[in-house]
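Asker: Chains A and B, in that order, are what the protein sequence lines are.
Okay, so the first sequence: first residue is 1 according to this note's numbering, each after it adds one.
Okay, so the second sequence: first residue is 1001 according to this note's numbering, each after it adds one.
Think of the CB as a built atom: it goes at the ideal place given N, C-alpha and C, for glycine as much as any other residue.
What follows is a structure written as structure tokens; I'll ask about it next.
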Amino acid sequence: MDTFLQQIINGLTLGSVYALVALGYTMVYGIIGLINFAHGEVVMIGAMVSLSVITALLGAHVQLPSVLIILAGLIVAVLVCMTLAYGMEKIAYRPLRKAPRLAPLITAIGMSIILQNLALMIWGRNYLTFPTLIEPTPHNILGASMTDLQMLIVALAGLLMAGLVFIVQRTRLGMAMRATAQNPQVAGLMGIDINVVISAAFVIGAALAAVAGLMVMTYYGIAHYYMGFLLGLKAFTAAVLGGIGNLAGAMLGGILLSIIEAPGAGYIGDVSNICGFPCLGDTLQEKCTASDGQLSLFGSNYQDVFAFFVLILVLIFRPSGLLGERVADRA
Amino acid sequence: MNRPRAKSIPPKVWAGVVLLALALALLPFVAAFAGQAWVRILNFAMLYIMLALGLNIVVGFAGLLDLGYIAFYAVGAYVYALLASPHFGIHLPFWVILPLSAGIACAFGVLLGAPTLKLRGDYLAIVTLGFGEIIRIFLNNLNAPLNITNGPQGVNLIDPFRIGSFSFARPEVVLGVAFSGPQKYYYLLLLITIGVVVVNLRLQNSRLGRAWEAIREDEIAAKAMGINTRNIKLLAFAMGASFGGIAGAVFSATQQFVSPESFGLFESIIVLAMVVLGGMGNIPGVILGAILLTLLPEVLRYTMEPLQNALFGRVILDAETIRLLVFGIALVAIMLYRPAGLWPSAVRKRELEVKGGTA
């Protein structure tokens, strides 16, 4: 039972990071219907920039509390990512707003390749280690352990998500965003500057992505120019799982995906353990004895398979995701 | 109704066809001046033409966004690899496996298509993406407890294509002309590619092709016109997948080595980029896109370092990084300047112009 709770805690931590990234996908998708393939790279750039700032500050022997150092890295990363997303939208997506639907998808892919290789040029090919500034002290919760780093990640992610919901539901900008998502033309007629709204969606998403980048880097302790790809893929999956274009869906999807994925992979290994089967061949019998009766058809290597499998199952029964509305066909 | 019979083809067209055939026949020898590597690149260009045409059926004709198309390529490649290598000790001939590869890939196409037909646009995209990853992860991990795919090491020593004792893998002198291995494969690939192109051209103007386009433009209207949208969409998946399977089997025979690494998501994305960049739904455009995106990174590989030497007197950035960077920039730039692709179909172009004029 305590391992189960442990899995849930780990899942919750990673899930809140996924959710932050998923929000960026879902906001952009909700407003202009574009899968922003380069969003994962924005996360990576956020992580890399904050790492550079933090290492530079540490190297300069500035006597600052580590919280301030991290905060400085975070602020710089957020600013860089916001500028990056603004520029990206302006250069690669805005001119294609009336183009065939797949054209901006290809520029997004192009942008993703560009950012990855720029990062490769700047930060190199190797894994970069993140200095341990926050010593993870574990706390005991009902028999499972949760470090204060994990708590910080979950709390900060929760705070940011609450802030985003506040912006979208309660402010003028949020109202403009919702109106643009419903119908850009009419929103324009009502005096909303659509370009500003769309830029805002990109910029806010990028800010969240930068925070997520720093979080995932502190959590795993490493950063790499390729880290954005898988993270972006997972987050996008999470966004679709919850119902793309839906903020609550993105949060639910992110947390659900990581909670399902980690323990799921463990259980599927137990379930598919074939040593209990009666009529095994001789070779399999030998392998079973060699591995102490732990020979499963699907081990933890299949973690990603499991995540995608759940996604496919959910979409078969709920074609617009868990919280997605059933939209009428857009002509 | 009597359709007017094909008029005798004017001699100019004949001359063009003969010239094109001659150019295609001599191309591997011209390329060989620059090195055998370029003949291999030509072969890859043809493999990508087949893949792009297969994906074009799904994305270009039927309008279903597929981000996991490379899975079918992988299935075809592994079918050939397992049935013609010492891995299982089975050595079936190429022409037996080719239809098998196509058939099994087709079955996988139906397997993916059947449960996902209800999904729309981008939901379909993510499911196909997931499917592609699932196939790759399975190929990567099916070496334990039973060794089926040999895991990340891949399958080695795959049989080359051979007719009798005439193997395509080694160089040979035929009628006084020396042929290298890749050059011989070039002709095999050319034959199969021409076959695939002809089938695609015939498909586009068939009843089925028109049904696909109707579904792409407006699914509900197509249904109202009596098109069985479910079956027709399923058929798009199945046919697209079988072309992928054929390309995979040929890839296996050409390379004589397959590993899961060749079938990542990036490959799927590149094939999609070929289709969109060339001009979705337009066969010559798609072929152009495939050739361009295969050649561009290779040309960059060979020109970037000399170029830097000439400009700055030294190599500042290594060729691998900068060539991908330039590749990314090219993708963005081409899409920005030609949003409908380099060579869009006439219908699509007209539509865009009308829309642009009124909006």
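Can you give me the C-alpha to C-alpha distance between residue 1359 of chain B and residue 245 of chain A, rounded to a whole angstrom?
Answerer: For the purposes of this step, residue 1359 of chain B is taken as residue 359 along the second sequence, with counting starting at 1. For the purposes of this step, residue 245 of chain A is taken as residue 245 along the first sequence, with counting starting at 1. With a pLDDT of 33 at residue 1359 of chain B, under the threshold of 50, the predicted position of this residue should be treated as unreliable, though the coordinate-derived value follows. When rounded, the distance between both Cα atoms is 26 Å.
Asker: Taking the alpha-carbon positions, what's the residue 116 of chain A to residue 41 of chain A distance?
Answerer: To locate residue 116 of chain A, count along the first sequence from 1; it is residue 116. To locate residue 41 of chain A, count along the first sequence from 1; it is residue 41. Roughly 7 Å between the two C-alpha positions.
Asker: Ignore the nearest five residues each way along the sequence and tell me which others in residue 192 of chain A's own chain have a CB closer than 7 Å to its CB.
Answerer: As a working note, residue 192 of chain A is residue 192 in the first sequence. Counting only Cβ-Cβ distances below 7 Å, and skipping sequence neighbours, we find 176, 179 and 180.
Asker: Report yes or no: do three or more beta-carbon pairs, one from the segment 1086-1093 of chain B and one from the segment 1248-1268 of chain B, lie closer than 8 Å?
Answerer: Cβ pair count under 8 Å is below three, so no.
Asker: Taking only the alpha-carbon atoms, compute the straight-line gap between residue 13 of chain A and residue 1244 of chain B and give it to the nearest angstrom.
Answerer: Indexing the first sequence from 1 puts residue 13 of chain A at position 13. Indexing the second sequence from 1 puts residue 1244 of chain B at position 244. Residue 13 of chain A and residue 1244 of chain B: Cα-Cα distance of roughly 40 Å.
Asker: Would you decide whether residue 104 of chain A is buried or exposed? Buried here means 16 or more other CB atoms lie within 10 Å of its CB.
Answerer: Taking the first residue of the first sequence as position 1, residue 104 of chain A is located at position 104. Buried, since its Cβ has 16 or more Cβ neighbours within 10 Å.
Asker: Below 8 Å CB to CB, which residues in the same chain sit around residue 151 of chain A once its five sequence neighbours on both sides are set aside?
Answerer: The residue given as residue 151 of chain A occupies position 151 in the first sequence. 139.
Asker: Is the CB of residue 1335 of chain B under 8 Å away from at least one CB in chain A?
Answerer: Numbered from 1 along the second sequence, position 335 holds the residue referred to as residue 1335 of chain B. Yes - at least one Cβ of chain A is within 8 Å of the one on residue 1335 of chain B.
Asker: Return helix, strand or coil for residue 145 of chain A, following the three-state DSSP convention.
Answerer: Reading the first sequence from its first residue, position 145 is the one you call residue 145 of chain A. Here residue 145 of chain A sits in strand by DSSP.
Asker: Checking contacts by CB at 8 Å: is residue 1118 of chain B closer than that to chain A?
Answerer: Here the question's residue 1118 of chain B lines up with position 118 in the second sequence. So yes, residue 1118 of chain B belongs to the interface.
Asker: With DSSP run on the structure shown, which of helix, strand or coil describes residue 1163 of chain B?
Answerer: Here the question's residue 1163 of chain B lines up with position 163 in the second sequence. Note: residue 1163 of chain B maps to strand in three-state DSSP.
Asker: If the cut-off is 7 Å on Cβ atoms, which residues from the segment 1304-1322 of chain B count as contacting chain A, listed in chain order?
Answerer: Cβ contacts with chain A come from 1317 and 1321.
Asker: Within 8 Å of any Cβ in chain B, is that where the Cβ of residue 302 of chain A sits?
Answerer: Here residue 302 of chain A is taken as the residue at index 302 of the first sequence, counted from 1. True, the Cβ-Cβ gap to chain B drops below 8 Å.
Asker: Against residue 1273 of chain B, what residues of chain A qualify as contacts under a CB-to-CB distance less than 7 Å, listed in chain order?
Answerer: For this step, residue 1273 of chain B is matched to residue 273 along the second sequence. Under the 7 Å cutoff, chain A gives 106 and 109.
Asker: Would DSSP call residue 333 of chain A helix, strand or coil?
Answerer: It is not possible to answer for residue 333 of chain A, since the shown part of chain A is limited to 1 through 331.
Asker: Does any CB atom of chain B fall closer than 8 Å to the CB of residue 259 of chain A?
Answerer: What you label residue 259 of chain A is simply residue 259 of the first sequence in a count that begins at 1. Cβ-Cβ to chain B under 8 Å: no for residue 259 of chain A.
Asker: Shorter than 8 Å from the beta carbon of residue 305 of chain A to some beta carbon of chain B?
Answerer: Looking up residue 305 of chain A in the first sequence gives position 305. Closer than 8 Å to some Cβ of chain B, the Cβ of residue 305 of chain A qualifies, so yes.
Asker: Taking Cβ positions only, does residue 1339 of chain B come closer than 8 Å to chain A?
Answerer: To locate residue 1339 of chain B, count along the second sequence from 1; it is residue 339. Cβ-Cβ to chain A under 8 Å: yes for residue 1339 of chain B.
Asker: With 16 other CB atoms within 10 Å as the buried threshold, where does residue 1222 of chain B fall?
Answerer: Here residue 1222 of chain B corresponds to residue number 222 of the second sequence, with the count starting at 1. Burial call: buried.
Asker: According to DSSP, is residue 1206 of chain B helix, strand or coil?
Answerer: Walking along the second sequence from the start, residue 1206 of chain B turns up at place 206. Coil at residue 1206 of chain B, not helix or strand.
Asker: Does any residue of chain A have a CB that is nearer than 8 Å to the CB of residue 1049 of chain B?
Answerer: As a first step, residue 1049 of chain B is located in the second sequence; it is residue number 49 there, counting from the start. So no, residue 1049 of chain B is outside the interface.
Asker: Within 10 angstroms of its Cβ, does residue 1276 of chain B collect 16 or more other Cβ (buried), or is it exposed?
Answerer: Translated into positions along the second sequence, residue 1276 of chain B becomes position 276. When all chains shown are included, residue 1276 of chain B counts as buried.
Asker: Does the beta-carbon of residue 1152 of chain B have 16 or more other beta-carbons within 10 angstroms, so that it is buried, or is it exposed?
Answerer: Counting from one through the second sequence, the residue named residue 1152 of chain B turns up at place 152. Under this definition residue 1152 of chain B is an exposed residue.
Asker: Between the C-alpha atoms of residue 255 of chain A and residue 159 of chain A, what's the straight-line distance to the nearest angstrom?
Answerer: What you label residue 255 of chain A is simply residue 255 of the first sequence in a count that begins at 1. What you label residue 159 of chain A is simply residue 159 of the first sequence in a count that begins at 1. Taking the straight line joining both Cα atoms gives about 15 Å.
Asker: Using the Cβ count rule (16 or more neighbours within 10 Å means buried), how would you classify residue 1313 of chain B?
Answerer: For the purposes of this step, residue 1313 of chain B is identified with residue 313 of the second sequence, where counting begins at 1. Exposed: under 16 other Cβ atoms inside 10 Å.
Asker: Which residues mark the beginning and the end of the alpha helix (DSSP H) in which residue 1261 of chain B is found?
Answerer: Position 261 of the second sequence, counted from the first residue, corresponds to residue 1261 of chain B. Premise fails: residue 1261 of chain B is in no alpha helix (DSSP H) and is neither H nor E.
Asker: Check whether the Cβ atoms of residue 1278 of chain B and residue 1288 of chain B lie closer than 8 Å to each other.
Answerer: Here residue 1278 of chain B refers to the residue found at position 278 when the second sequence is read from its first residue. Here residue 1288 of chain B refers to the residue found at position 288 when the second sequence is read from its first residue. Cβ atoms of residue 1278 of chain B and residue 1288 of chain B: closer than 8 Å.
Asker: What are the boundary residues of the alpha helix (DSSP H) that residue 1130 of chain B is part of?
Answerer: Taking the first residue of the second sequence as position 1, residue 1130 of chain B is located at position 130. First-last of the alpha helix (DSSP H) with residue 1130 of chain B: 1121-1141.
Asker: I want to verify the contact list: residues of chain B whose CB lies under 7 Å from the CB of residue 308 of chain A, in sequence order.
Answerer: As a first step, residue 308 of chain A must be located in the first sequence, where it is residue number 308. In chain order: 1130, 1133 and 1134.
Asker: Going by CA-CA distance only, name the one from A/155, A/75 and A/97 that's closest to residue 9 of chain A.
Answerer: Along the first sequence, read from residue 1 onward, the residue named residue 9 of chain A stands at position 9. The shortest Cα separation from residue 9 of chain A among A/155, A/75 and A/97 belongs to A/155.
Asker: Check whether the Cβ atoms of residue 1137 of chain B and residue 304 of chain A lie closer than 8 Å to each other.
Answerer: Taking the first residue of the second sequence as 1, we reach residue 1137 of chain B at position 137. Taking the first residue of the first sequence as 1, we reach residue 304 of chain A at position 304. Yes, the pair counts as a contact, with Cβ atoms nearer than the cut-off.
Asker: Here's a check: name, in chain order, each residue in its chain whose Cβ is nearer than 7 Å to the Cβ of residue 1356 of chain B, leaving out the five neighbours to either side.
Answerer: By 1-based counting over the second sequence, the position of residue 1356 of chain B is 356. Residue confidence for residue 1356 of chain B is low, a pLDDT of 45 falling below 50, so the modelled location carries little weight and cannot support an answer.
Asker: Taking any Cβ of chain B, which residues in the segment 203-234 of chain A have a Cβ under 9 Å from it, in chain order?
Answerer: The segment 203-234 of chain A vs chain B, Cβ under 9 Å: 229 and 233.
Asker: Cβ closer than 8 Å: which chain C residues qualify as neighbours of residue 237 of chain A?
Answerer: Any reference to chain C falls outside this structure, whose protein chains are A and B.
Asker: Would you say residue 1280 of chain B faces chain A, with C-beta separation under 8 Å as the test?
Answerer: Here residue 1280 of chain B corresponds to residue number 280 of the second sequence, with the count starting at 1. Chain A contact via Cβ: present.
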